[in-house]
Amino acid sequence: MPKPEHYVAPFDEDAVEVDKIKLDEKPSNLWRDAWRSLRRRPLFYISLAAVAVIVLMALFPTLFTDVAPNDDCHLEFSNAGATEGHPMGFTKRGCDVYARVVWGARTSLAVGLLATLISGVVGIIMGSLAGFYGGWVDSVLSRIGDIFFSIPYILAAVVVMTTLSEYRSVWTLAFAIGGFAWASLARILRSEILRVKSGDFVMASTATGRTKFSTLISHVLPNSITPVIVYLTLSLGGAIVAEATLSFLGVGLGSEVMSWGNDISAAQTSIRTAPMTLIWPSIFLTTTVLAFITLGELVRDALDPKARARG
Amino acid sequence: MTQETSVTDTAEPLVSIKDLEIGFQTGNGFVQAVKGVSFDIFPGETVAIVGESGSGKSTTATGIIDLLPSNGRITGGSVMFAGKDLTKASKQEIVRVRGREIGYVPQDPMSNLNPVWNVGFQVREAVMANNMAKNKKEADKRAIEVLQEAGLADAERRMKQFPHQFSGGMRQRVLIGIGLAADPKLLIADEPTSALDVTVQRVILDHLESLTREKNTALLLITHDLGLAAERASKVIVMYQGKIVEAGPSLEILQNPQHPYTKRLIAAAPSLASQRLKSQKIVVTDAPQGDEIDLVAASAHRHDVVEHADHGGVPAIEVKDLTKVFSIRKGGFKSEPFTAVDQVSFQVPRGTTMALVGESGSGKSTVAKMVLGLETATEGEILIAGKDATALDKREMLAHRRRMQPVFQDPYGSLDPMRSIGSIIREPLDVHKVGDKQSRELRVNEVLDEVALPRMIASRYPNELSGGQRQRVAIARALALKPEVVILDEAVSALDVLVQAQILQLLADLQEELGLTYLFITHDLAVVRVVADDVAVMEKGKIVEKGNVEEIFANAQTEYTQKLLDAIPGANIPLGA
Amino acid sequence: MLMYVVRRLLQAVPVVIGTTFLIYFMVFSMPGDPILAMFGDKTPSPALYDQLAAQYHLDQPFLVQYGLYMKDLFTGNLGTTFSGESVGAVLSRTFPVTLKLASMAIAIEFCVAVVLGLFAGLRKGKFFDNLTLVIGLIMLSVPIFVLCFLAQYFIAIKWGWASPTVGADTSFSNMLLPAIVLAASLFTTSMRLMRGTVIDTRSRDFVRTAYAKGLPGRRVIPVHVLRNSLIPVVTNSAANFGVLMVGATVTEGIFNVPGVGNTLYQAIIRGEGPTVVSFVTVMVLAYVAINILVDLLYAVLDPRIRYA
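Set out below in structure tokens:
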């Protein structure tokens, strides 16, 4: 082979720069970047708008309808189709479907939010303590978590609501759902905390003299919180489904309460004759859940820097 | 090496790369990573591409056989191999060339074997894919041969084992075996030993060299280490920002670099610097200035300063019979005691640097953590400025931490990504309630000046900075409390050569200005030579040798230290200029 | 491997004790008379009341009650339903049906999730990927009982492709519709997980090394990408079984499949508290057992666990 020649590229003496600081105009960190990428997704606005409408319905149902959902019922309209002023027709008892659907949003949202809040608080406390302190704290808390994880939470809620049949309310329902739904969240957070706490920045913080608990609050939790946020957004949808399922099974709120689950349950006997009385509340229920779940998926996508880097 | 053997100018190159251009589609648009690279590889020749991260060296290598990540694309130029342009070859043609004609050895042995298949399966796959065997039985036989050739003792039994049951060095042997399984004409080795301990590195590289020479396989070696490249290859190609800046016979490049980038790379490479320290007496009149970095000059200057330092008085750090025993879980319910640090004793005089050197698992980092109070010692004493640090109550511990701060290895992991740079540097001041809000801000600006970072980055976040800049922030945080001692745990190991040299320079300047004492934990003896005054070599939890850096480098007493010294790449290249 | 099995079985002991205790505690430490509470609006006959009081050992202190209840549970004495049949007898009649339905549903769900997830992952960001995402999210959002009614109304009643209820004929073809509905309610999480894992695995170093060996894509995808991606999907199916149990309760109820879920469904609808508690307990124990099986399957799939 020929002896390699000595090649030197043409150069400019000052061309070599070592570690020059290049900054974008706008400061960036995980949250700002996530927000920026969320704002570019049309789906984000669509699901946000859907959530906004549902929240408005729950807070101010009279903005959407002035028909009373329970008192304006006329048996002569039983299962009748849509007419002027009653765009979705009537239920078996002759109540206005549209009014009932609008008023039902409040129950779904209240139970969903409360149950998610409860499972969030319990899950965050259990998961962060187990992951961060390790040792016997972890052993005890994780075993408790295993026990709750081993009872599908809707089945647990069925048992609770069956025994508490005299005390049915939004609160008991939220506790029955949220009190058993926290175990998955605790597991997710625990493993995330295990990953984060092995990072050098946690050690560096301890080396400055910060106490363990203060390190947990100021460094470890903020860095572990993204999967929690994603999980909670998704589980809000899950909790709404759980409420509807329990109401459908007759162990949710009493039949006098406006709830999509109750209405679907009541309509099932008329499925052959008046399917729309069943389908309308189903559409509202599904759309609400879909809006929350889509938000959760979008947030997950926006918060995953790996997914974004791959473009 | 063979570059002096008789040559015939008519020889055809095995691979001829012309004006190769490769780019990546990223979130911020299309980025050109390789911008017109041309070179030839002749049969049996060893060529090394040297460059820092981002130079495009690995992209060039993977581009040759189209192993680019899915967002990468060849945008121009040609790769001629056996009369065919590989950049225009069909998928089937490329598959035929891979393995059979051009083998590939990847960088990280830990992630390059599929964890769910046994090793035999993965080697056999390479044998079968390239028609080296007719049936499974024959393939098994060939696979065992391949592993034996790669230097894996007991290959037949090993075939049934899974990657996680292998050490890093053994996995790399398997990967070399796979790369050579079909006797390719060219082997591309992408940083084949960077993830391994230095002594293992040497053995693996020696083996790779003898295998390729035996089979007359050409070798394209990708590395960040100029010393290693020059030692192993007859031709060195230096890449910078996607372009070749200098190429030629390796000795010539090393002894007579022309391009300013190459010059700086050689000046900044610790492995070559220690070589120059040995081979020549340099008279240094002044500390190096500004952006020009020359480790030899810097180190000579340092040693000069330390000669005049006060060696009497109470040592800044004194460690006596320090021992740490962990209990290791042994599957099931048994646990076994494991002595990670075994009766370690040393002293670090005030204002000097002591290096603690060892390979992975030697216990050096555990010593650092015990000194920092992040691990409790099983036995022994740690005296900081004469005060016992092993038996402190909460308040004393806080005061103790104030005198001693750490800088860790991973520049990407040591800064909280959720905090701004300013709040990261201010954290120690907040924890220790030093001064008021205003004076803390002032101090943050002060230390930012000290580590030569612009003040305006205080409002920025770590992900906006490079590795070297992050490491400066970590140093600034360590300095915020005006400590006496800084523990540097592999603080420069993850950095590129030029950045590493800059940080070493910064550390030396700060030591001189602030009278700091450093405990410098590292696996890299080459770096020790240029930064430390004293050195202690650790092996399996024990200090096997300690003393003055000059003495140990000139005259190592133990075999282990000598082995580590010999493993410094480029140590045997005469550099006299 | 043996150590792993033993350890996993030992871990299940506190879970079994804990779950049964928790259920028992929920029922019998609530305010008021637990038996009356379980009947809701109805009042049990004095004879039934006494029988239940004896069955749950209400005259004993709480912990003794629980101990005796556990003894009954493990000797197969699960009490009787309101119709007078023993729970054990009902179980042996209904369990095979549910097992068949669940197996069909899981088989359909797993195949659909793996295939769609694999192709969505391989075509990341393309039309097919977005299509499966939209379908998946909608399926995830439709509550199972709504899905059941929609299938019943459109597929069975309106188009007449299947019978709207299963009834006594539990043949494969007759149970196909409820099995598909059940699978449809389950597959999204597995499919999304499969897709994510495929994308991740595809960019792993060992896949590049496999290509570098000279293997063609048609071998690398199944042997290295698919094989590795199955591990998390199988692990996740344990959590899926929890959803499946609730789903089976509703589906069997609506389609009138004579399985365990239907029995529970009827008991819930009729407010037969004691039967609900017995059947939920049985389902939870089955869930614990399934979790153990899935963990053992995980060890079979992942040599890092097998040879730890």
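Chains as they are written, first to last, in the numbering used here: chain A, 28 to 338; chain B, 17 to 593; chain C, 808 to 1115. Just so it is clear, CB atoms sit at the ideal spot from N, CA and C, and this is done for glycine as well.
Using the rule of at least 16 other Cβ atoms within 10 Å of the residue's Cβ for burial, across every protein chain shown, is residue i buried or exposed?
i        : result
Gln421/B : buried
Ser978/C : exposed
Gly323/A : buried
Phe46/B  : exposed
Ile537/B : buried
Pro265/B : buried
Over the uninterrupted beta strand (DSSP E) stretch that includes residue i, give me the two end residues.
i        : result
Ile118/B : 118 to 121
Gly264/B : 259 to 265
So, is the C-beta of residue i closer than 8 angstroms to a C-beta in chain B?
i         : result
Ser1044/C : no
Asp1007/C : no
Gly226/A  : yes
Leu1022/C : yes
His101/A  : no
Tyr863/C  : no
Ile298/A  : no
Tyr72/A   : no
Thr972/C  : no
Taking only beta-carbon atoms, is residue i less than 8 angstroms away from chain C?
i        : result
Glu324/A : yes
Ile320/A : yes
Leu311/B : no
Phe354/B : no
Val82/A  : no
Gln114/B : According to the sequence displayed, residue 114/B carries Arg and not Gln. So, interface residue.
Glu154/B : no
Ala336/A : The pLDDT assigned to Ala336/A is 40, lower than 50, so where the model puts this residue is not dependable; a value taken from the coordinates is nonetheless given after this. For Ala336/A, the answer is no, since every Cβ of chain C falls outside 8 angstroms of its Cβ.
Phe58/B  : no
For the alpha helix (DSSP H) that residue i lies in, which residues bound it at each end?
i        : result
Ile194/B : 184 to 196
Asp936/C : 934 to 948
Arg89/B  : Per DSSP, Arg89/B belongs to no alpha helix (DSSP H); it is in the beta strand (DSSP E), 88 to 97.
Phe228/A : 227 to 235
Asn250/A : 248 to 275
Val423/B : Run containing Val423/B: none in the alpha helix (DSSP H); it sits in the beta strand (DSSP E), 420 to 423.
Asn106/A : Per DSSP, Asn106/A belongs to no alpha helix (DSSP H) and is neither H nor E.
Taking residue i as the reference, give the member of the options with the closest Cα.
i         : options                                   : result
Gln181/B  : Gln527/B, Asn588/B, Leu129/B              : Leu129/B
Ile244/A  : Leu156/A, Glu193/A, Ala329/A              : Leu156/A
Ala166/B  : Gly184/B, Ile220/B, Ala155/B              : Ile220/B
Phe835/C  : Pro821/C, Ile1076/C, Asp866/C, Ser852/C   : Asp866/C
Ser1085/C : Pro1023/C, Lys1020/C, Val1014/C, Ala896/C : Ala896/C
Thr369/B  : Val565/B, Arg417/B, Ser94/B, Asp82/B      : Val565/B
Ala1074/C : Val894/C, Met1001/C, Asp1109/C            : Val894/C
Leu75/A   : Phe319/A, Val94/A, Leu182/A, Ala95/A      : Phe319/A
Leu212/B  : Val50/B, Ala494/B, Met126/B               : Met126/B
Asp46/A   : Gln257/B, Asn134/B, Ala169/B, Ser183/B    : Gln257/B
Ile333/B  : Leu504/B, Val387/B, Glu529/B, Val214/B    : Val387/B
Does residue i come within less than 8 angstroms of chain A when only Cβ atoms are used?
i         : result
Tyr534/B  : no
Glu430/B  : Position check: residue 430/B holds Ser in this sequence, whereas Glu was assumed. Cβ-Cβ to chain A under 8 angstroms: yes for Ser430/B.
Leu989/C  : no
Phe569/B  : no
Pro950/C  : yes
Tyr1094/C : yes
Leu1104/C : no
Thr882/C  : no
Within the segment 812 to 891 of chain C, note down every full alpha helix (DSSP H) run reaching 4 residues or more, in order along the chain.
841 to 846, 853 to 862, 869 to 881
Runs of 4 residues minimum, wholly inside the segment 1034 to 1094 of chain C: which ones carry the alpha helix (DSSP H) assignment?
1034 to 1061, 1067 to 1077
Output the residue ranges of the alpha helix (DSSP H) runs that lie fully inside the segment 394 to 473 of chain B and measure 4 residues or longer, sorted by chain position.
410 to 418, 437 to 447, 453 to 466
What alpha helix (DSSP H) runs, 4 residues minimum, are completely inside the segment 495 to 544 of chain B?
513 to 530
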